[in-house]
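What follows is a short report on a single structure.
Numbering (the working numbering), first residue to last: 9 to 385.
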């Protein structure tokens with residue numbers, strides 16, 4: 009961050025970056041694998057133009073704000089949640105358009121970790137005599153694009169585990185019945201979290217037992233893509249996820265041991281089938297899956313079912329975040345939320361950072377970020 013950051017950033021700067029953050033949310037569900045970006049142009053203390061990145065391949069937030077402001081861009085201050093690009097992409101460099109518009113100052117929420125941008129946009133603007141401040145509400149801007157940051161820096165998506173369980177850690181009865189463990193309020197919250205991810209991951213047992221739609225309901229939002237882990241290709245051809253409406257955004261993950269005829273029939277329905285070499289258990293390896301999902305532009309996934317999938321994500325150290333809903337119910341016996349992780353020493357138990365506990369009307373919601381210092385016996 010520049011040395012003069014503290015002296016130059018004002019309450020007004022915070023106000024307008026907050027506005028840019030809110031605008032950026034308008035692109036959720038439409039821009040991946042690009043980041044969510046919002047921009048606001050301010051002159052004499054008033055907003056003269058604003059915009060956000062609306063769809064992948066279309067104009068960036070800064071360009072939309074400049075277009076909205078017109079001649080008022082001259083001498084204005086641009087507030088943008090992410091460092092403007094300075095390379096020739098699908099839409100050309102935003103930094104050149106900022107300079108051409110006569111903008112005198114740029115306030116940036118966070119530097120872009122993408123190597124083709126990282127610092128280059130900031131340096132270009134400074135070289136043109138434009139005042140630049142970086143790192144305003146940086147943590148909020150980083151949280152907005154947590155999936156993009158993980159995708160760009162590691163080549164795999166951000167992975168969130170979502171679990172709804174009883175007080176004694178069960179996600180279903182011994183017969184597999186699970187509707188509904190938590191309240192409607194908790195389910196609405198869960199759908200809000202769904203909408204913040206590019207894809208929902210579920211195991212085939214969830215599909216066979218519950219035949220879910222795996223869409224966003226209760227709220228108005230874009231439904232993520234559906235990723236079904238189905239190593240033996242047991243998915244029923246009449247499953248809801250393979251309906252005419254949902255199949256085009258459904259991905260079935262299987263192995264080379266599966267029936268080629270059934271793969272063809274699933275693809276005829278419009279779904280995508282990803283085929284992997286089976287591991288020694290006959291499963292499609294999750295590590296390879298995450299890379300494959302990133303290659304098709306998926307930057308964040310929420311893993312919703314069931315116990316086997318959640319356990320594997322934790323054993324592999326894949327999971328980044330946890331969303332846990334706990335209902336005030338006790339089953340005594342049933343299906344565990346998490347299986348054996350191979351931990352034999354309490355000091356090796358998985359821990360969470362940035363823990364948040366919220367009481368809903370009847371349930372508890374706990375969120376946090378995993379710390380994988382060790383999983384040892």
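We treat Cβ as the ideally placed atom computed from N, Cα and C, and that holds for glycine.
Put simply, the backbone Cα of residue 100 is about 17 angstroms away from that of residue 59.
DSSP, reduced to helix, strand and coil, places residue 204 outside both helices and strands of the structure shown, so it counts as coil.
In this structure, the CA atom of residue 298 is about 20 angstroms from the CA atom of residue 349.
Annotation: the continuous alpha helix (DSSP H) that includes residue 297 extends over 294–303.
The beta-bridge partner set that DSSP reports for residue 376 consists of 330. Contact between the stretch 49–69 and the stretch 167–176 is absent: fewer than three C-beta pairs spanning the two stretches fall below 8 angstroms. Rounded to the nearest angstrom, the gap between the Cα atoms of residue 139 and residue 86 is 10 angstroms.
Taking a C-beta distance under 8 angstroms as the contact criterion, residue 230 and residue 64 do not qualify as a contact pair. Taking the C-beta atoms as reference points, residue 302 is found nearer than 8 angstroms to residue 164. Take the alpha-carbon of residue 237 and the one of residue 216: they are about 12 angstroms apart. A straight-line Cα-Cα distance of about 38 angstroms links residue 317 and residue 144.
According to the DSSP assignment, residue 54 belongs to the beta strand (DSSP E) that extends over 54–60. For residue 313, the secondary structure class from DSSP, reduced to helix, strand or coil, is strand. Three or more beta-carbon pairs separated by less than 8 angstroms are not found between the stretch 289–296 and the stretch 328–342, which leaves the two stretches without contact.
In the structure shown, residue 356 falls within a helical segment according to DSSP collapsed to helix, strand and coil. C-alpha of residue 182 to C-alpha of residue 341: approximately 6 angstroms in a straight line.
Excluding its 5 nearest sequence neighbours in each direction, residue 91 has C-beta neighbours in its own chain below 8 angstroms: 116, 118, 119, 120, 125, 126, 127, 129, 130 and 142, listed in chain order. Take the alpha-carbon of residue 234 and the one of residue 288: they are about 26 angstroms apart. Around the C-beta of residue 203, 16 or more other C-beta atoms lie within 10 Å, and the residue is accordingly described as buried. Judged by DSSP secondary structure, residue 169 falls within the beta strand (DSSP E) whose first and last residues are 166–174.
Of the candidates 21, 323, 339 and 31, 323 places its Cα closest to the Cα of residue 347. The beta carbon of residue 199 lies closer than 7 angstroms to those of 224, 225, 226 and 227 in the same chain, with the five residues before and after it left out. For residue 141, the beta-bridge partners assigned by DSSP are 115.
Of all C-beta pairs linking the stretch 275–282 to the stretch 248–262, three or more are shorter than 8 angstroms, placing the two stretches in contact.
As DSSP reads the structure, residue 63 sits in no beta bridge. Around the beta-carbon of residue 24, 16 or more other beta-carbon atoms lie within 10 Å, marking it buried. Going by beta carbons, residue 315 and residue 344 fall inside the 8 angstroms limit.
Exclusion of the five residues before and after residue 45 leaves 32, 60, 61, 68, 69, 88, 89 and 90 as the residues of its chain whose Cβ lies within less than 7 angstroms of its Cβ. When C-alpha distances from residue 191 are compared across 378, 368 and 80, the shortest belongs to 368. Residue 43 has its alpha-carbon roughly 28 angstroms from the corresponding atom of residue 211. For residue 162, the enclosing alpha helix (DSSP H) has its first and last residue at 154–162. Linking residue 249 to residue 220 through their CA atoms gives a straight-line distance of about 7 angstroms.
DSSP places residue 234 inside the beta strand (DSSP E), whose first and last residues are 233–237. A straight-line Cα-Cα distance of about 45 angstroms links residue 147 and residue 266.
If you ignore the 5 residues before and after residue 26, its C-beta comes within less than 6 angstroms of no other C-beta in its own chain.
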